[in-house]
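Peer 1: Here it is, the structure in full.
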Amino acid sequence: MSGASSGEHSQTANKSLFFRRWLANPLQMGSVIPSSATFSRLIAERVQFGVDEVVVELGAGTGTITRALLRAGVPAEKLVVVEIVPEMAQHLREIFPGVQVVCGDGFDLPRVLEQAGAGRVGDVVCGIPLVMLPFPTQQKIVGAMLAASPGRGFLHLSYCITSPLPSAKLGLSGNRLAWTMKNFPPGGVWRYAPLQPGPRRGG
Ligand SMILES: C[S@@+](CC[C@H](N)C(=O)[O-])C[C@H]1O[C@@H](n2cnc3c(N)ncnc32)[C@H](O)[C@@H]1O
29 MSGASSGEHS
39 QTANKSLFFR
49 RWLANPLQMG
59 SVIPSSATFS
69 RLIAERVQFG
79 VDEVVVELGA
89 GTGTITRALL
99 RAGVPAEKLV
109 VVEIVPEMAQ
119 HLREIFPGVQ
129 VVCGDGFDLP
139 RVLEQAGAGR
149 VGDVVCGIPL
159 VMLPFPTQQK
169 IVGAMLAASP
179 GRGFLHLSYC
189 ITSPLPSAKL
199 GLSGNRLAWT
209 MKNFPPGGVW
219 RYAPLQPGPR
229 RGG
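See below:
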């Protein structure tokens, strides 16, 4: 990208890339525009990770949450971003030097992270739209996130007022941590955790 830093990259260009991708695949994008700065900050402020852990962001789009995570204090070298659309992954690499951006499928998360040499994982932030997916597909992505960060659970952003996932049926507890009207559409931050936490890797 020509000389612009991550924080300065044109909002218009981001929105236009996002909208083009929505036209190409609305279900994969889930929204017509990126998350607002307020919504992104609400998510980033709730992320937890240990000194020996990385934070994983799934479905980063044009990087509004990535930017908020960096601003909230996640060091660039402790952030691993997984985005399925090659054009978006390339865009993220250009605007976030130092962040490991993987063009890959969140449904294959443990293998994607292993290939990236990501190491131990703290919180996973899931930006992939899950609410419209059939239950077996939800089970698959939840299983992938729990396998990547055993015993931990994950954060999920959603536009639903009620839980976007059938938490009990998935063996999860689900809590809405925050809600904002300052997003289009209004959105909430959810934390899901396994009802029966498995052992942490290496611990
Ligand atoms: C609702 S957008 C969220 C984008 C960004 N996090 C934001 O809040 O503005 C969903 C993003 O998830 C990506 N995505 C969808 N399915 C995915 C998958 N299986 N693996 C990785 N990324 C995926 C889409 O390409 C899109 O960028």
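Under this note's numbering, the first residue of the sequence shown carries the number 29, and numbering increases by one thereafter.
Here a beta-carbon is modelled for each residue, glycine too, at the ideal position from N, C-alpha and C.
(1) Could you please give the first and the last residue of the uninterrupted beta strand (DSSP E) stretch that includes ALA221?
(2) Just checking ASP136 against ligand 1 - is the residue's beta carbon closer than 6 Å to any of the ligand's heavy atoms?
(3) What is the DSSP secondary structure of ARG204, counted as helix, strand or coil?
(4) State yes or no: is the C-beta of VAL113 nearer than 6 Å to some heavy atom of ligand 1?
(5) Output needed for THR92: all residues of its chain with C-beta closer than 6 Å, excluding positions within five of it in sequence on either side, in chain order.
(6) Regarding PRO157 and ligand 1, is the C-beta to nearest heavy atom distance less than 6 Å?
(7) Run through DSSP, which three-state label would VAL170 get?
(8) At what residues does the beta strand (DSSP E) containing LEU183 begin and finish?
(9) Going by DSSP, what residues sit across from LEU86 in a beta bridge?
(10) Can you tell which of LEU200, ARG139, LEU185 has the C-alpha that lies nearest to the C-alpha of LEU223?
(11) Return yes when the Cβ of PHE77 is within less than 7 Å of the Cβ of GLY171, no when it is not.
(12) Which residue's Cα is closest to the Cα of PHE124: VAL102, PRO194, PRO164?
(13) So who's on the other strand from GLN128, going by DSSP bridges?
(14) Alpha carbon to alpha carbon, what distance is there between MET160 and MET116?
(15) For the alpha helix (DSSP H) holding ARG74, just list the boundary residues, first then last.
(16) In terms of residue numbering, what span does the alpha helix (DSSP H) encompassing ARG99 cover?
(17) Measuring only from the beta carbon, is ILE93 closer than 6 Å to any heavy atom that is part of ligand 1?
(18) Using beta-carbon positions only, say whether VAL217 and LEU198 come within less than 7 Å of one another.
(19) Could you tell me if the beta carbon of MET57 falls within a distance shorter than 6 Å of some heavy atom in ligand 1?
(20) Closest to ALA176 by C-alpha separation, out of PRO157, VAL152, PRO194, SER38, would be which residue?
(21) Given that a residue counts as buried once 16 or more other Cβ atoms are within 10 Å of its Cβ, and exposed if not, what is VAL129?
Peer 2: Reading off the structure:
(1) The residue labelled residue 221 in the question sits at position 193 within the sequence shown. Looking at the DSSP string, the run of the beta strand (DSSP E) that includes ALA221 is 215 to 222.
(2) Residue numbering aside, residue 136 sits at position 108 when the sequence shown is read from its first letter. False, no ligand heavy atom lies under 6 Å from that Cβ.
(3) Taking the sequence shown and counting its residues from 1, the one referred to as residue 204 is at position 176. ARG204: strand per DSSP, three-state reduction.
(4) Along the sequence shown, one-based indexing puts residue 113 at 85. Flag set: Cβ of VAL113 near ligand 1.
(5) The residue labelled residue 92 in the question sits at position 64 within the sequence shown. Cβ neighbours of THR92 beyond the five flanking positions: PRO62, SER63, SER68.
(6) What you label residue 157 is simply residue 129 of the sequence shown in a count that begins at 1. Yes, the beta carbon of PRO157 sits closer than 6 Å to at least one heavy atom of ligand 1.
(7) What you label residue 170 is simply residue 142 of the sequence shown in a count that begins at 1. For VAL170, the secondary structure class from DSSP, reduced to helix, strand or coil, is helix.
(8) Taking the first residue of the sequence shown as position 1, residue 183 is located at position 155. Boundaries of the beta strand (DSSP E) around LEU183: 182 to 186.
(9) The residue you call residue 86 lines up with position 58 of the sequence shown. Per DSSP, the beta-bridge partners of LEU86 are VAL110, CYS154.
(10) Counting from 1 along the sequence shown, the entry for residue 223 is found at position 195. It is LEU200 whose Cα lies nearest to the Cα of LEU223.
(11) For the purposes of this step, residue 171 is taken as residue 143 along the sequence shown, with counting starting at 1. For the purposes of this step, residue 77 is taken as residue 49 along the sequence shown, with counting starting at 1. PHE77 is positioned such that its CB atom lies no closer than 7 Å to that of GLY171.
(12) One-based indexing of the sequence shown puts residue 124 at position 96. Selection VAL102, PRO194, PRO164 evaluated against PHE124 yields VAL102 as nearest (Cα-Cα).
(13) Here residue 128 corresponds to residue number 100 of the sequence shown, with the count starting at 1. Under the DSSP definition of a beta bridge, GLN128 partners with VAL108.
(14) For the purposes of this step, residue 116 is identified with residue 88 of the sequence shown, where counting begins at 1. For the purposes of this step, residue 160 is identified with residue 132 of the sequence shown, where counting begins at 1. Distance between the alpha carbons of MET116 and MET160: 22 Å.
(15) The sequence position of residue 74 within the sequence shown is 46, counting from 1. Counted as a single uninterrupted DSSP element, the stretch harbouring ARG74 is not any alpha helix (DSSP H), since DSSP gives it neither H nor E.
(16) Your numbering for residue 99 matches position 71 in the sequence shown. 92 to 99 is the extent of the alpha helix (DSSP H) around ARG99.
(17) For this step, residue 93 is matched to residue 65 along the sequence shown. It does: the Cβ of ILE93 is within 6 Å (strictly closer) of some heavy atom of ligand 1.
(18) Within the sequence shown, numbered from 1, the residue matching residue 217 stands at position 189. Within the sequence shown, numbered from 1, the residue matching residue 198 stands at position 170. Their beta carbons are not under 7 Å apart, which means VAL217 does not touch LEU198 by this criterion.
(19) Stepping through the sequence shown from its first residue, residue 57 is reached at position 29. It does: the Cβ of MET57 is within 6 Å (strictly closer) of some heavy atom of ligand 1.
(20) As a working mapping, residue 176 is identified with position 148 in the sequence shown. Answer by Cα proximity: VAL152.
(21) As a first step, residue 129 is located in the sequence shown; it is residue number 101 there, counting from the start. Buried is the call here.
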